[in-house]
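Under my numbering, the first residue of the sequence shown is numbered 24, with each subsequent residue one higher. The beta carbon of each residue, even a glycine, is placed where N, CA and C say it ideally should be. Just below is one structure, and these are the notes that go with it.
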Amino acid sequence: MSAGFPVKQAAWFGLALLLSLGATVPMKVAASHVAGAVTARGAEGSIWRGRLVDLGIGGLRLGSPDAVALPVSLPGGEPILSLKWSGAGSLRGRAAFSTRGASVRGLTGTVDLVGSGPLPRTALALHDFSFAARDGRCAMARGRVKAALSDLPLPVLEGTPRCVGDRLLLPLTGDGRTLTLRFDGVRATAELRGPGGVILPERGL
């Protein structure tokens with residue numbers, strides 16, 4: 024028997040022990056670093072079968088996805104969660120948390136902004152949307168976003184998210200119109216402009 028066998032055996036035993044212990048770790052422990060521009064009102068279940076309650080990005084409310092920790096991320100103490108929302112066209116992606124900040128990665132799917140503030144009901148289609156916050160400030164934003172506004176005779180508006188100062192900015196354009204969504208971590212605002220000027224003034228969502 025090779026001398027390497029006991030080492031392999033110990034490694035597998037350690038992994039099995041880690042997984043068995045992880046099954047009892049509450050999801051709220053894995054998400055304990057959610058703060059600043061990436062927020063959650065709470066967390067339920069274990070890291071293998073949990074849920075983040077009212078997940079938000081820079082003030083954009085995303086609902087409550089099911090969340091499962093990726094085992095490879097656990098030994099480093101900075102969990103990465105696989106996220107899945109229920110319903111047709113729902114979001115999928117990942118979230119990562121650390122003492123330095125939090126991020127969402129590769130979100131793809133549709134988010135409904137229920138008509139509030141200046142906007143009618145709006146569907147945001149995200150494609151490979153990623154956002155990172157450091158110390159509560161926007162540190163990185165990329166991907167593609169499209170918006171369809173109900174009850175307004177407008178084309179689909181689209182654009183690329185970016186950081187402007189500390190805030191997340193979504194400038195969405197189409198056919199001479201621009202919908203600008205701004206997220207500062209606590210408050211979200213929207214403004215709609217057309218060829219003739221302001222259609223809907225900037226107000227909180």
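For this session: Could you check how far apart the C-beta atoms of Arg114 and Ala90 are, in whole angstroms? I think they sit under 8 Å.
Result: Residue 114 sits at position 91 when you count from the first residue of the sequence shown. Residue 90 sits at position 67 when you count from the first residue of the sequence shown. Inspection of the sequence shows that residue 114 is occupied by Leu rather than by Arg. In fact, because the Cβ distance is near 12 Å, the residues do not count as touching under 8 Å.
Exercise. So what does DSSP say about Pro194, is it helix, strand or coil?
Worked result: For the purposes of this step, residue 194 is taken as the residue at position 171 of the sequence shown. In this structure, Pro194 counts as strand in the three-state DSSP scheme.
Problem set entry | Chain-order list of residues whose beta-carbon lies under 6 Å from that of Lys169 (same chain, five-residue window excluded) | Sequence index remark: in the sequence shown, residue 169 carries index 146 (1-based). So the qualifying residues of the chain are Ala148, Val179 and Glu181.
Exercise. Under the rule that 16 or more other beta-carbon atoms within 10 Å means buried, what is Val187, buried or exposed?
Worked result: Taking the sequence shown and counting its residues from 1, the one referred to as residue 187 is at position 164. By the neighbour-count rule (16 or more Cβ atoms within 10 Å), Val187 is not buried but exposed.
For this session: Measure the CB-CB distance between Gly166 and Pro184 and report whether it falls below 8 Å.
Result: Position 143 of the sequence shown, counting from 1, holds the residue named residue 166. Position 161 of the sequence shown, counting from 1, holds the residue named residue 184. Cβ atoms of Gly166 and Pro184: closer than 8 Å.
Exercise. Looking at the unbroken beta strand (DSSP E) that takes in Pro224, where does it start and where does it end?
Worked result: In the sequence shown, residue 224 corresponds to position 201, counting from 1. Per DSSP, Pro224 belongs to the beta strand (DSSP E) from Gly220 to Gly227.
For this session: Using alpha carbons as the reference points, say which of Ala171, Val127 and Arg210 lies closest to Thr196.
Result: Position 173 of the sequence shown holds residue 196. Here the closest residue by C-alpha is Ala171.
Exercise. How is Pro184 classed by DSSP in three states: helix, strand or coil?
Worked result: Translated into positions along the sequence shown, residue 184 becomes position 161. The answer is coil: DSSP assigns Pro184 none of H, G, I, E or B.
Exercise. In chain order, what residues of the same chain lie with their CB nearer than 6 Å to the CB of Thr62, ignoring the 5 residues before and after it?
Worked result: Against the sequence shown, residue 62 aligns to sequence position 39. Answer for Thr62: Gly79, listed in chain order.
Exercise. Just reading off the beta strand (DSSP E) that Ala162 is part of, what are its end residues?
Worked result: Reading the sequence shown from its first residue, position 139 is the one you call residue 162. Element bounds for Ala162: Arg160 to Leu172.
For this session: Assuming Cys161 and Arg123 form a contact by the criterion Cβ under 8 Å, report the distance between their Cβ atoms to the nearest whole angstrom.
Result: For this step, residue 161 is matched to residue 138 along the sequence shown. For this step, residue 123 is matched to residue 100 along the sequence shown. In fact, because the Cβ distance is near 14 Å, the residues do not count as touching under 8 Å.
Problem set entry | Same chain, Cβ closer than 6 Å to Leu215, neighbours up to 5 away in sequence not counted | Here residue 215 is taken as the residue at index 192 of the sequence shown, counted from 1. The answer, listed in chain order, is Leu202, Ile222 and Leu223.
Exercise. Between the C-alpha atoms of Leu93 and Trp71, what's the straight-line distance to the nearest angstrom?
Worked result: Against the sequence shown, residue 93 aligns to sequence position 70. Against the sequence shown, residue 71 aligns to sequence position 48. Their Cα atoms are separated by approximately 8 Å.
Exercise. Given that a residue counts as buried once 16 or more other Cβ atoms are within 10 Å of its Cβ, and exposed if not, what is Pro218?
Worked result: Start at 1 with the first residue of the sequence shown, and residue 218 comes out as number 195. Answer is exposed; the Cβ neighbour count stays below 16.
Problem set entry | Buried/exposed call for Val143, threshold 16 Cβ in 10 Å | The residue you call residue 143 lines up with position 120 of the sequence shown. First, the amino acid is wrong: residue 143 is Pro here, not Val. Per the 10 Å Cβ criterion, exposed.
Exercise. From Leu177, Gly132 and Leu83, pick the residue whose C-alpha is nearest to that of His150; which is it?
Worked result: Translated into the one-based positions of the sequence shown, residue 150 becomes position 127. The candidate whose alpha carbon is nearest that of His150 is Gly132.
Exercise. Taking C-alpha atoms, which residue in Pro176, Val127, Ser87 and Gly73 lies nearest to Ala164?
Worked result: Taking the first residue of the sequence shown as position 1, residue 164 is located at position 141. Comparing Cα positions, the closest option is Val127.
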